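Trainee: Handing you a structure now.
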Amino acid sequence: MRDSGVRGGGARDAQGPGDPGWDESLYQDQDQDQDRDQGGGQGWDGSGDGTASRTGSHPSPGAGTVTGAVTDPSLVGAGTASVPGQRNGGTGGGGGHRRAGGRRQPRSRKSRIFRWVAGTLSLLILAGAGAGYAYYEYLAGKIRTGDLNNGKSDVAPSKANADGDTPLNVLVLGSDARDSEANKDLGGARDTAGEPPRADVIMLLHISADRSNMSVVSIPRDTRMPIPECTDTATGKVFKATENDIINESLGRGGAGCTRAAIQNLTGVYIDHWMTVDFAGVVKMADAVGDVEVCVKQNIWDHPTPAQKGGSGLKMKAGTWPVKGQQALQWLRTRHAFGDDAGRAKAQHMYLNSMMRNLQSQSLFTNPARLNNLATKAMEAFRVSKEIGTPKKLYDLGMELKSVPANRMTMLTMPHLADPLNPDAHYIPAKADAAKIWTLLRNDVAMDANGTAANTPKPAPTKSGPAAAAPATIAVSVVNGTAGDKNGSAVENRASNVSKALVTGGFTKAKASQSAKPSKGTVVNYPTSAGEQGRADALAVATALKIPAAAVKASADVTAVTVIIGADWTSGTDYGKTAPGAGSVPTNADALNGTDKGCMDVYKPYQWK
32 MRDSGVRGGG ARDAQGPGDP GWDESLYQDQ DQDQDRDQGG GQGWDGSGDG
82 TASRTGSHPS PGAGTVTGAV TDPSLVGAGT ASVPGQRNGG TGGGGGHRRA
132 GGRRQPRSRK SRIFRWVAGT LSLLILAGAG AGYAYYEYLA GKIRTGDLNN
182 GKSDVAPSKA NADGDTPLNV LVLGSDARDS EANKDLGGAR DTAGEPPRAD
232 VIMLLHISAD RSNMSVVSIP RDTRMPIPEC TDTATGKVFK ATENDIINES
282 LGRGGAGCTR AAIQNLTGVY IDHWMTVDFA GVVKMADAVG DVEVCVKQNI
332 WDHPTPAQKG GSGLKMKAGT WPVKGQQALQ WLRTRHAFGD DAGRAKAQHM
382 YLNSMMRNLQ SQSLFTNPAR LNNLATKAME AFRVSKEIGT PKKLYDLGME
432 LKSVPANRMT MLTMPHLADP LNPDAHYIPA KADAAKIWTL LRNDVAMDAN
482 GTAANTPKPA PTKSGPAAAA PATIAVSVVN GTAGDKNGSA VENRASNVSK
532 ALVTGGFTKA KASQSAKPSK GTVVNYPTSA GEQGRADALA VATALKIPAA
582 AVKASADVTA VTVIIGADWT SGTDYGKTAP GAGSVPTNAD ALNGTDKGCM
632 DVYKPYQWK
C-alpha cells in the first residue's frame with residue numbers, strides 16, 4: 032500500500048481526550064535530542080568579583096562565565112560570555128565593572144518584545160505538543176488489534192503495477208458477539224452470550240492500485256465452503272480444517288484471521304488487512320456519520336412471526352428516510368423482511384452508497400477536524416489487524432478513499448446458488464460467475480465501466496534480461512486447474528486443447544499434463560532455479576496465449592515452464608478474449624453503482640398498514 036503521507040495543518044493545542052484532531056508531526060522523531068541550548072532573557076550587571084550564571088533562575092551577581100542565555104556583550108565582566116551555538120560575547124574591560132567610557136547601552140523595546148513573544152510561542156508549542164502527544168497515546172490505547180492471519184493460506188501478495196503501486200484489499204466483518212451488556216441489548220438473543228462470535232456480515236473491500244475506483248463484494252454469511260485449519264493464538268487451540276461448513280463460523284475459530292484465510296482461499300485474492308465491528312460499534316459509527324438516507328417501497332416492520340423468530344425491529348413507512356445510530360443498525364441487520372441474506376446485503380450496499388455520497392458532499396476528506404472525529408469513533412468501534420493498529424495508519428487508510436468518485440464505486444454480492452444439502456437455508460458459490468468476480472479483483476480490473484484509458488490497470492513492470500529461447504526448444508507442461516478448488520469439477524480437455532494451440536504456435540515441446548492442480552486463476556510458472564532465462568521463456572509462452580505478465584511467477588515446485596489453466600479460463604485458447612473487462616460483472620451479482628438511488632422491496636409478511 033502506498034504511504035498516504037498525511038500531514039497535519041500545524042500544531043493544535045489538544046486540551047484532552049475529548050478534543051478532536053492532532054498534528055502527526057508532533058509525534059514523529061520523539062527520540063531526537065531535546066536538550067538544545069536556548070536563549071534566556073536579559074542579563075545582569077556583574078559587580079565585584081562574583082559569578083553571573085543564568086541557569087533558569089535569578090542568580091547572585093558576580094564575575095565569571097555567563098552560560099545558557101542570549102547575552103548582551105555590554106554585560107560581560109572579567110570572564111568570558113559562553114553561549115553554546117552563539118557567537119562569543121567578548122571579554123570585559125574590568126573585574127566585573129561596566130565598560131569604560133560611558134553608560135550601558137539600553138536594549139531596544141522591539142528586541143525585548145521579540146524575545147518575549149519567541150519565549151511565549153516556544154512554551155505554547157511545547158504545551159501543545161505535550162497535550163497532543165497525550166491525546167495520541169489516548170487514541171492508541173483505544174485501538175483493539177489481532178493477528179492478521181491465523182489460518183492456512185498460501186495466496187501471495189498482489190504484485191505492483193508499472194508505477195510501483197498495488198491494489199488494497201480489506202476484509203470487513205460484522206460480528207454478532209454478545210460479549211457486553213450493550214451488545215446483548217442491541218443484538219438480543221442473550222442466551223447465546225457464551226457462544227463464539229460469528230461473522231454476520233462479510234465484505235471484501237477492493238481499492239484499485241491507482242485509487243481511481245473501488246468495489247465492495249459481499250459474501251453471504253450462510254455460504255457453505257471449506258474453512259482451513261486455524262489456530263487461536265491467544266489460547267493455542269487448533270481448529271481442524273472442514274471441507275463443507277458455513278463461512279460465518281470461521282470467526283469463532285481463532286478470530287478474523289481465520290475468516291481472512293478462508294476468503295483468500297475462496298477468491299485467490301490476497302487480503303492486506305481486516306477490520307471487525309460489533310453491534311455497539313456500528314451504532315457508534317452510525318451516530319458519528321450522521322443521517323444516511325435509505326428507502327423502502329412498502330411499509331416495513333421486521334419483527335418475529337409465527338413462521339420466523341427474531342427480527343431487527345426496524346419499522347418505518349414507505350419512502351425515503353434518514354437513519355442513524357440504533358435505527359441504522361436495525362436497517363443493516365434486517366434480513367427476513369428483505370427476503371434473505373442476499374436481500375440484506377443489497378440493503379447494506381444501499382446504505383453504504385448513500386453514506387459515501389453524504390460524506391463526499393460534506394467534503395469530509397478535506398475537513399481534518401471532522402475526519403479526525405470520525406477516525407476517533409472508528410478506533411473505538413473497530414478491532415483491526417495489528418499492522419494497521421495505530422491512529423496514523425487508520426487515518427491514512429480512511430484517506431485512501433478520498434479520490435474515488437461515486438460513479439467509480441460498485442457494491443455487489445458474490446454470485447451464489449441454493450445449497451443442494453439445505454436449499455432453504457444455505458448457499459454455495461456459483462462457480463463460473465463467482466470466478467469472474469475473483470478474476471476482476473485479482474487482475475485489478477474495475478467493476479464499473481466509467482473509467483478512462485488513463486486509469487485502466489497498468490501491467491506489471493517487465494525486467495530486462497536474456498532473450499527467450501527459440502519456441503521449439505522450450506519444454507512446456509500444461510495443467511488443467513479449471514476445477515478452481517478440490518471440491519470443484521474440471522472442464523474436460525482444457526489442458527489438451529491449450530497444449531495443441533501452443534504446438535501450432537511453434538512450441539512443439541508443449542504437452543498436456545496428466546495431473547490436475549485446481550487454481551482460482553491462470554498462472555505461468557517457471558523453475559526458480561532457471562532464473563532470468565526461465566522467466567524470459569515463461570514470458571514468451573504467456574505472450575503466445577495472451578496471458579498478462581503479472582501472472583508469470585517463479586516456483587520451486589516445477590521443473591519446466593508450466594501453464595496452469597485456472598477457473599477463470601474455461602474455454603478457448605486466447606486468454607485475452609475470455610479475461611473479463613471493466614464493468615463485466617455478472618448480472619446475478621446484483622451490482623449497484625455508487626450513484627444508484629434505489630428502494631428495497633419488503634417481503635409481504637413484514638409489510639404493515
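Residue numbers for the sequence shown follow the numbering used here, so the first one is 32 and each next one is one higher. Built from N, CA and C at the ideal position, the CB exists for glycine as well. If you're wondering where the values come from, they're calculated on a predicted model, not measured in any experiment.
#1: Residue range of the alpha helix (DSSP H) that Val313 falls in?
#2: Please list the terminal residues of the continuous alpha helix (DSSP H) segment that includes Leu405.
#3: Quick one, are the C-beta atoms of Asp479 and Gly614 less than 8 Å apart?
#4: Alpha carbons only, please: which of Arg229, Asn244, Ala406, Val325 is nearest the one belonging to Ala359?
#5: By Cβ distance, which residues of its chain are closer than 8 Å to Ala406, with the 5 residues on each side in sequence left out?
#6: Once the 5 residues before and after Met347 are set aside, which same chain residues still bring their CB inside 7 Å of it?
#7: Report yes or no: do the stretch 286-306 and the stretch 413-420 share at least 3 C-beta pairs separated by less than 8 Å?
#8: Apply the 10 Å Cβ neighbour rule to Trp639 and answer buried if 16 or more other Cβ atoms are within range, or exposed otherwise.
#9: Assuming Asp372 and Asp253 form a contact by the criterion Cβ under 8 Å, report the distance between their Cβ atoms to the nearest whole angstrom.
#10: With which residues is Thr441 paired in a DSSP beta bridge?
#11: Taking Cβ to Cβ, would you say Val201 is nearer than 8 Å to Leu443?
#12: By how many angstroms is the C-alpha of Ile238 removed from the C-alpha of Ile302?
#13: Could you tell me which residues DSSP puts in a beta bridge with Gly182?
#14: Can you give, in chain order, each stretch of the alpha helix (DSSP H) that sits fully within the stretch 308-393 and has at least 4 residues?
#15: If we count the other Cβ atoms within 10 Å of its Cβ and call it buried at 16 or more, is Asp588 buried or exposed?
#16: Short of 7 Å in beta carbon distance, which residues of its chain neighbour Gly612, apart from the five on each side in sequence? Order them along the chain.
#17: For Ala292, count the other beta carbons within 10 Å of its own beta carbon; 16 or more makes it buried, fewer makes it exposed. Which is it?
#18: Rounding to the nearest angstrom, what Cα-Cα distance links Asp178 and Tyr169 in this structure?
#19: Could you pull the start and end residues of the beta strand (DSSP E) that Met430 belongs to?
#20: Distance, Cα to Cα, Gly537 vs Ala575?
#21: Report all residues from its chain with a CB closer than 7 Å to the CB of Ser602; omit the five preceding and five following residues, and keep chain order.
#22: Return helix, strand or coil for Asn200, following the three-state DSSP convention.
#23: Could you check which residue in Asp276, Ala311, Val186 has the C-alpha nearest to that of Arg205?
#24: Pick out whichever of Leu282, Thr262, Arg255 has its Cα sitting closest to the Cα of Glu274.
#25: Using the rule of at least 16 other Cβ atoms within 10 Å of the residue's Cβ for burial, across every protein chain shown, is Asp241 buried or exposed?
#26: Take Thr176 and list the residues in its own chain whose beta-carbon comes closer than 8 Å to its own, dropping the five residues that flank it on each side.
#27: For Tyr557, list the residues DSSP reports as bridge partners.
#28: Using DSSP's beta-bridge definition, name the partner residues of Ser508.
#29: Pull up the distance between the alpha-carbon of Lys271 and that of Leu297, whole angstroms please.
#30: Sorted by chain position, which residues of the same chain lie with C-beta nearer than 8 Å to Lys515's C-beta, five sequence neighbours on each side aside?
#31: First and last residue of the beta strand (DSSP E) that includes Asn275?
#32: Are the stretch 562-575 and the stretch 615-633 touching by the rule of at least three beta carbon pairs closer than 8 Å?
#33: Quick check on DSSP: helix, strand or coil for Trp639?
#34: Measure the C-alpha to C-alpha separation of Trp600 and Thr513 and round it to an integer number of angstroms.
#35: How many Å lie between Gly555 and Gly341 at the Cα?
#36: Taking the alpha-carbon of Met631 as reference, which of Ala349, Glu523, Leu154 has the nearest alpha-carbon?
Mentor: In brief:
#1: 310-320
#2: 399-412
#3: yes
#4: Val325
#5: Pro422, Leu425, Tyr426, Gly429
#6: Val327, Ile331
#7: yes
#8: exposed
#9: 5 Å
#10: Ser246, Asn624
#11: no
#12: 11 Å
#13: Cys261
#14: 310-320, 356-364, 372-392
#15: exposed
#16: Val476
#17: buried
#18: 22 Å
#19: Counting along the chain, Met430 falls outside any beta strand (DSSP E), though it belongs to the alpha helix (DSSP H) covering 422-430.
#20: 10 Å
#21: Thr609
#22: strand
#23: Sequence check: residue 205 is Gly here, not Arg. Of the candidates Asp276, Ala311, Val186, the one whose C-alpha sits nearest the C-alpha of Gly205 is Ala311.
#24: Arg255
#25: buried
#26: Arg414, Val415, Ser416, Lys417, Gly420
#27: Ala585
#28: Lys542, Thr593
#29: 17 Å
#30: The sequence as given places Gly at residue 515; Lys does not occur at that position. Excluding sequence neighbours, Gly515 sits near Lys462, Ala466, Pro549, Ser550, Lys551, Gly597, Ala598.
#31: 273-277
#32: no
#33: coil
#34: 7 Å
#35: The question names Gly, but residue 555 is Val in the sequence shown. For Val555 and Gly341, the distance between alpha carbons rounds to 50 Å.
#36: Ala349
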